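One structure below.
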Amino acid sequence: MRRCFLCSAAMLGAGERTLDYPQGRRSFPLACGSCGVLLDRDADPAACRDHLARRCEAPVFESDPQAPYGLDLYTLRSAATRFGLGIRPLDPAGEAELRHPHATRAARAALSRLEEAGTRPVSLGLICRPAECEALLAALPAIATFSDDVVLLLDGPPSPPEAVAAEGLAPGAVRVASRPLDGDFAAQRNALHDLARHGWMLQLDADETLDPATARLLPALAALAEAGDVVSVGLARRNRVEGVLSDVFPDVQYRLNRRTVRYGGRVHERPLLDGGWPRSLIALHGAIDHAMSGAHVRARSRRYEALAPGQGRVEEEEALLRAYEA
Numbered sequence: 001m002r003r004c005f006l007c008s009a010a011m012l013g014a015g016e017r018t019l020d021y022p023q024g025r026r027s028f029p030l031a032c033g034s035c036g037v038l039l040d041r042d043a044d045p046a047a048c049r050d051h052l053a054r055r056c057e058a059p060v061f062e063s064d065p066q067a068p069y070g071l072d073l074y075t076l077r078s079a080a081t082r083f084g085l086g087i088r089p090l091d092p093a094g095e096a097e098l099r100h101p102h103a104t105r106a107a108r109a110a111l112s113r114l115e116e117a118g119t120r121p122v123s124l125g126l127i128c129r130p131a132e133c134e135a136l137l138a139a140l141p142a143i144a145t146f147s148d149d150v151v152l153l154l155d156g157p158p159s160p161p162e163a164v165a166a167e168g169l170a171p172g173a174v175r176v177a178s179r180p181l182d183g184d185f186a187a188q189r190n191a192l193h194d195l196a197r198h199g200w201m202l203q204l205d206a207d208e209t210l211d212p213a214t215a216r217l218l219p220a221l222a223a224l225a226e227a228g229d230v231v232s233v234g235l236a237r238r239n240r241v242e243g244v245l246s247d248v249f250p251d252v253q254y255r256l257n258r259r260t261v262r263y264g265g266r267v268h269e270r271p272l273l274d275g276g277w278p279r280s281l282i283a284l285h286g287a288i289d290h291a292m293s294g295a296h297v298r299a300r301s302r303r304y305e306a307l308a309p310g311q312g313r314v315e316e317e318e319a320l321l322r323a324y325e326a
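Sequential numbering of the sequence shown, starting at 1, is according to this note's numbering.
Take a look at the structure:
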């Protein structure tokens, strides 16, 4: 097995970890470095997915000590989102395990539809160049189905946000502002966060889209995150180069954040989390779609390397140009 059956990351690594079940302790030789699921060496991905789906049909998830995979509560929270579900710990120990992963106790939790646990309003922020603004405004009715607050931040001379009309969205829902990017993507994202009217914001770039089914659950994901003291939610990103899915997948992007979260890094920016990665989670219910040309891929890493020497990920070019391998 090259990829994780749960999150699809090619990050399976050896490292003995154990989980405690009511029936006793069990050891697993493999773990996913992305979502944290534990695996037997001979685990069949399709069988694991089917088994997990059946377990998630019950009102209470009970870990199966005979299954070829294992989950702690932190990983179960991500796994449940794959089926549009949220979890609720059943005891104070479970609450603590969500905040201090990875636990040694096998997951057990109540399950419910994500929307049933509440929602939080989410702003939508988009970074773009002035030439891309008109096309983005036209695309908003399909992208912004989850939000009543949309901000486009253009790379240009500083200008305050100004309301603009967008078909299908309420008057005043869409604003456009400008700020020079100046080769610092983190600073641009931080400025976009500061323009949000709501406590949470999803950020997209001009060449990224989100399908309505994925977008619809973002307010519920924000509520799920808040319940577990999480401030940053990662979504898989499908990089399509000339229409072909790239092998750089799931390429998790932490784009759903509390507006108070700050990004760091001039290029390949990431949220700076007080408390580190335990204050984040990966959602598995959908993905951001990212369309790139081959020419853009070949130029991107070199341009980023020039902006931030040593951080351009020039080695990623080959993987981006390679078609997805399961």
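Ideal Cβ positions, reconstructed from N, Cα and C, are used throughout, including at glycine.
All of these numbers come straight from a predicted model, not from anything done at the bench.
- In its chain, beyond the 5 residues on either side, G312, R313, V314, E316, E317 have a beta carbon closer than 7 angstroms to the beta carbon of S301.
- In terms of CA proximity to L181, S159 leads the group W200, G168, S159.
- Annotation: the continuous beta strand (DSSP E) that includes V176 extends over 174-179.
- Within the same chain, and ignoring the five residues on either side of D149 in sequence, the residues whose Cβ sits closer than 6 angstroms to its Cβ are S123, R197, H198.
- Beta bridge pairing from DSSP links G24 with Y21.
- Between the alpha carbons of P92 and E305 lies a distance of about 47 angstroms.
- A distance below 8 angstroms between beta-carbons, with the five flanking residues on each side excluded, links R240 to the following residues of its chain, in chain order: S246, D289, H290, A291, M292.
- With contacts defined by Cβ atoms closer than 9 angstroms, Y254 and F185 do not form a contacting pair.
- Here the C-alpha atom of A139 lies approximately 16 angstroms from the C-alpha atom of L154.
- In the three-state scheme derived from DSSP, where H, G and I count as helix and E and B as strand, T209 is classed as strand.
- Here L73 is near E97, since their CB atoms are less than 9 angstroms apart.
- DSSP links V164 through a beta bridge to V174.
- The shortest C-alpha to C-alpha distance from A103 to any of G156, C133, R17, R179 is the one to R17.
- Taking a contact as a CB-CB distance under 8 angstroms, the pair R266 and A308 counts as one, their CB atoms being some 4 angstroms apart.
- Taking a contact as a CB-CB distance under 8 angstroms, the pair L52 and L85 does not count as one, their CB atoms being some 11 angstroms apart.
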